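Counting with my numbering, you get residues 2 to 198 for the letters of the sequence shown.
Note that the Cβ used here is the ideal one computed from N, Cα and C, for glycine as well.
Fair warning: this is a prediction, and the values are worked out from it, not measured in the lab.
Shown next, in structure tokens, is the structure this report addresses.
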Amino acid sequence: MAPKGPASLKVLESALAEETSELPCPVREMGTIYVAQIARLTEVIDRLVAEMEAASKTDAQLRRLCTIPGIGPVTAGAVAAFAPDLDTFDTGRNFAAWLGLVPRQRSTGGKTRLGSVSKTGQTDIRRLLIVGASRRRRAFRATSVIRWVVRKGGSANRWPAALVARKPKMVAAVALANKMARMIWAMTTKQENYRMA
2 MAPKGPASLK
12 VLESALAEET
22 SELPCPVREM
32 GTIYVAQIAR
42 LTEVIDRLVA
52 EMEAASKTDA
62 QLRRLCTIPG
72 IGPVTAGAVA
82 AFAPDLDTFD
92 TGRNFAAWLG
102 LVPRQRSTGG
112 KTRLGSVSKT
122 GQTDIRRLLI
132 VGASRRRRAF
142 RATSVIRWVV
152 RKGGSANRWP
162 AALVARKPKM
172 VAAVALANKM
182 ARMIWAMTTK
192 QENYRMA
């Protein structure tokens, strides 16, 4: 028995390699196959991450997108691969709506009421913006930014802290992803790097 997670993989490897353990032979063989598959997949993932990081250093658009806090090489590559030319969107809100990050608007009598996020749109980029896939230290994930704000009680930027104080964490993460999508649109269409406000 070992706890879940990659940290306890060494415990399982040593239990499978130990000849004196009471594991049945078929269990030992299947476990060895699984451990070998995990090792091969880890190598492939590490190689792909290294390629993405190298591409993000050489390509100007990827390098520009990686300057946004919360955007890493994987997310920048997904935006470059899956998103159409961002000049086709009139505003950053339209790009965020294409991703499915904008709440529905129900307006009557001049009063705007915002509903839930529709979740229709480009799911891959939306998921990467919300949850994050970056392994770089300086590129925080939306959920980890929210986690940091909750743990430390604040942020250099007051907006996430105020948002987390009045909204649930996942709603705050979607709002932060919406903001990051609008930044992506603005930086790409204006050909500018990220600047702290």
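Check this for me: beta carbons of residue i and residue j, under 9 Å apart or not?
| i | j | result |
| --- | --- | --- |
| Glu20 | Val36 | no |
| Ala16 | Ala8 | no |
| Gly32 | Ser57 | no |
| Gly93 | Ala182 | yes |
| Ile46 | Ile185 | no |
| Arg105 | Val118 | yes |
Name the residue from the options whose alpha carbon lies nearest to the alpha carbon of residue i.
| i | options | result |
| --- | --- | --- |
| Ile34 | Ala18, Glu23 and Asp47 | Ala18 |
| Leu100 | Ala84, Thr113 and Arg114 | Ala84 |
| Ala187 | Arg107, Leu66, Ile46 and Ala174 | Leu66 |
| Val50 | Ala61, Cys26, Val75 and Thr121 | Val75 |
| Asp125 | Lys180, Val165 and Ala82 | Ala82 |
| Leu129 | Leu102, Thr68 and Gly6 | Leu102 |
| Asn194 | Ala166, Asp91, Gln38 and Ala61 | Ala61 |
Cα separation between residue i and residue j?
| i | j | result |
| --- | --- | --- |
| Ala40 | Val28 | 18 Å |
| Thr89 | Lys191 | 13 Å |
| Ala178 | Leu10 | 33 Å |
| Leu63 | Pro25 | 50 Å |
| Ile131 | Ala173 | 10 Å |
| Ser135 | Gly122 | Residue placement at Ser135 is flagged as unreliable, the pLDDT there being 29, under the threshold of 50; a coordinate-derived value is accordingly withheld. |
| Leu87 | Ala163 | 30 Å |
| Lys168 | Ala176 | 10 Å |
| Met53 | Arg127 | 19 Å |
| Gly71 | Glu30 | 42 Å |
| Glu23 | Met197 | 59 Å |
| Arg137 | Ala77 | With a pLDDT of only 37 at Arg137, under the threshold of 50, the placement of this residue in the model should not be trusted, and no figure is reported. |
| Val12 | Thr113 | 56 Å |
| Met171 | Val80 | 22 Å |
| Ala140 | Ala55 | The predicted model places Ala140 with a pLDDT of 39, which falls under 50 and marks its position as unreliable, so this point remains unresolved. |
| Thr189 | Gly110 | 36 Å |
| Thr59 | Ala97 | 27 Å |
| Lys5 | Gln38 | 17 Å |
Nearest chain C C-beta to residue i closer than 9 Å, yes or no?
| i | result |
| --- | --- |
| Arg48 | In the displayed structure, chain C is absent; only one protein chain is listed. |
Item to check | Those runs of the alpha helix (DSSP H) which lie wholly inside the region 50 to 121 and span at least 4 residues | outcome: 61 to 66, 74 to 83 and 93 to 100
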